[in-house]
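Heads up, the sequence shown is in the working numbering, so the first residue is 153 and it goes up one at a time.
The beta-carbon is built from N, C-alpha and C at its ideal position, and this holds for glycine as well.
All values derive from a computational prediction rather than experimental measurement.
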Amino acid sequence: MATITKNLLYVLACSILLFSCKNDESDTPAPSLVISSFTPGEGQPYGANVTITGVSFSATASENEVRFNGAIANVGTASTTQLTVQVPPGATTGKISVKVGDQTAYSQTDFLVPTITSLEPASAAAGATVVINGSALVTGPGNEVTFMGIKAEILEASSTQIKVIVPINAPSGNITVNTGNSTVATTGFTIKPWVHVSTYVDGTTGTTDQKFTNLYGLSIVSSDGLIATDRSNAVVRRFYPGGTREIVAGSTPGYHDGDALTAQFYGLGGVASSLFGDLYIASGTSVRTMVQSTVFTLAGNGSTGYVDAKGTDARFTQATAIALHPSLDLVVSDEDKIRMVTLEGVVTTLAGSSQGFENGTGTAAKFNGVSGLAFDKTGNVYVADYGNNVIRKITQDGVTTTFAGTGTAGTQDGPLATALFDHPVGIAINRDGYMYVIEWPSSGSKSLRMITPEGRVITLTGRLIDSDNPTQIYGALFSTPTSITVDLNNNIFVADGPKIMKVVFQ
């Protein structure tokens, strides 16, 4: 009996011990739900995969509720330590959360969604550079920036900044950045005109002081206004800032030196002025100068020909464009040749020979109707090559290259090598190295183009930008532009038939 009792007590003790162990096992809490990390952490477009690593996820995908700052995400694959999810539409920068059952865990850091924070500047003209500042901006080939649906050229891109060129025909409105499948937009951007065009001089057709038909050459005269050649009336005119105008040289067509107001010109072309107020005039078969109130022949003698020589022994066929370097050397276009003329009247050929389109040194180069010339600070000559639809560059050693354009007539802006010009007739360079080109195509719009020191061509005004809607005009139109000049304040003046147009940057 004692043995049976002893065995019963032993079984009872074991049972109690086993029951106690089971209770201890069932009372152990499950590990807490934790998000330890996620990757990648920023810049992912909607629909992209993000891997979330942690503890106590459900191995059943549907039992994990994942949100990106409140926006619910689709869970692709699941294990107890890792989830693969897709960035949901409507996701914004903020915490990722995972809910399993009655537990919710949050990421320690924010998931960064592409965001635009500012624009620099908030308004600009077509062709200008705009910097889009933000965060988590994708830097890969998926980037696309549009201005009200019109695609912009991207210059540079990083995770915090995208630099773009404002499209030429963009209207005011939203800028949209598409980073793959993700799109983020600004609240608005204002397109402003590059320039304001106004009539500086308005002359009625005729031959008196107050009337003129065809202003051709144009030059700034210190701070005292403009000098213009009036080809139809064979006179040189001066226009003062207050509106006063007068004839300063010329009388009737012909060839005669002497007193400025009895001197005669024929085939008036371009004009250049020195800091001292002296004038240099391309006049068909000669190059003339006006010092104080007297006209002299610097080179040529009124007879047609092509001879490099000094003074009246030199010959010109059609001296048209002219430019003066600060060293007081002149360049003159003579049909398809560029001639150098010193202040002593010595004439040499810098570049060009017969009509054509060839780069090279000296007479190996060929041009097709040179209509505009300008010097830069270092003494290089830039040529508006009308017939070839390009801008050419000639070094002081006479080496000619194509500076901008391809030779095909067109309106395309952009880098020098791909931009297109349509019969450029005039060219001017300001003191900061910006180049301005006026075009006169045989048909279509006459346009003012700008070439930046960085090497980009931008249409400033005058361009018809929508061939399907010819009433849509980008800026003002010119009528018969022939030459262009720019003053020290970067005001641009264009000789346009009986008018001089003034172009002012906004």
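Taking the alpha carbon of residue i as the point to measure from, which residue in the options has its own alpha carbon closest?
i    : options                : result
G151 : L572, W592, R608, G607 : The chain is shown from 153 up to 658; residue 151 falls before or after that span and cannot be answered.
T611 : V207, T441, I644, F573 : F573
V669 : S231, D486, N226, I433 : Outside the shown range of the chain, which is 153 to 658, sits residue 669, and nothing can be said about it.
S231 : M587, G193, F209       : F209
G340 : T365, G301, F364, S311 : G301
G504 : I372, V483, S599, I644 : V483
Y392 : Y458, I187, S374       : S374
T312 : V347, S270, H348       : S270
T494 : P478, N385, D584, D488 : P478
Can you round the beta-carbon distance between residue i and residue j to whole angstroms, since I take them to be within the 8 Å contact cut?
i    : j    : result
T381 : G394 : T381 to G394, Cβ: 22 Å. No contact.
L502 : G578 : That pair is no contact at about 19 Å.
G557 : F509 : Wrong, their Cβ atoms sit about 11 Å apart, outside the cutoff.
T244 : N201 : That belief does not hold up - the Cβ atoms of T244 and N201 are roughly 19 Å apart, past 8 Å.
N295 : I314 : 7 Å
I284 : V316 : 7 Å
P266 : L289 : 5 Å
L367 : A647 : 4 Å
I644 : V589 : With 8 Å as the limit, I644 and V589 do not qualify as a contact, their Cβ atoms being about 11 Å apart.
R390 : R397 : 7 Å
G457 : Y407 : 14 Å between Cβ atoms; not a contact.
L307 : T338 : Between T338 and L307 the Cβ distance is about 18 Å, and since that is not below 8 Å, they are no contact.
T404 : A386 : 6 Å
S635 : G524 : 7 Å
Roughly how many whole angstroms lie between the Cα atoms of residue i and residue j?
i    : j    : result
T449 : Q470 : 15 Å
A278 : M653 : 21 Å
T623 : K462 : Residue confidence for T623 is low, a pLDDT of 32 falling below 50, so the modelled location carries little weight and cannot support an answer.
S184 : V207 : 7 Å
T351 : D537 : 27 Å
F657 : L378 : 19 Å
L170 : G246 : Residue confidence for L170 is low, a pLDDT of 45 falling below 50, so the modelled location carries little weight; the figure read from the coordinates is stated next. Distance between the alpha carbons of L170 and G246 is about 50 Å.
I433 : K344 : 39 Å
S619 : G596 : Any reading at S619 must be qualified, since the residue scores a pLDDT of 37, below 50, and its modelled position is unreliable; the value itself is stated next. Rounded to whole angstroms, S619 to G596 spans 10 Å at the Cα level.
N621 : N321 : Low confidence applies here, because N621 scores a pLDDT of 36, under 50, leaving its location unreliable; read the following figure in that light. Rounded to the nearest angstrom, the two C-alpha atoms are 13 Å apart.
M602 : T570 : 15 Å
F428 : S287 : 57 Å
T637 : G193 : 55 Å
T335 : G531 : 50 Å
D481 : T464 : 18 Å
F364 : F299 : 45 Å
S599 : S445 : 36 Å
A526 : A466 : 23 Å
I546 : A580 : 15 Å
A276 : G497 : 48 Å
D639 : V655 : 11 Å
E177 : Y258 : Here E177 scores only 44 on pLDDT, less than 50, and its place in the model is too uncertain to base an answer on.
V533 : A401 : 28 Å
H348 : M587 : 18 Å
In the DSSP assignment, what residue or residues form a beta bridge with residue i?
i    : result
Q238 : N201, N226
F573 : A561
R601 : V589, T611
G452 : S438
D354 : K651
A475 : V483
Is the region 208-227 close to the region 242-261, with three or more CB pairs under 8 Å? yes
Can you find at least 3 beta carbon pairs, one from the region 262-271 and one from the region 316-325, that sit closer than 8 Å? The region 262-271, when compared against the region 316-325, does not touch it at the 8 Å Cβ threshold.
Taking 8 Å as the threshold, find out whether the region 466-486 comes into contact with the region 435-445 through three or more Cβ pairs. yes
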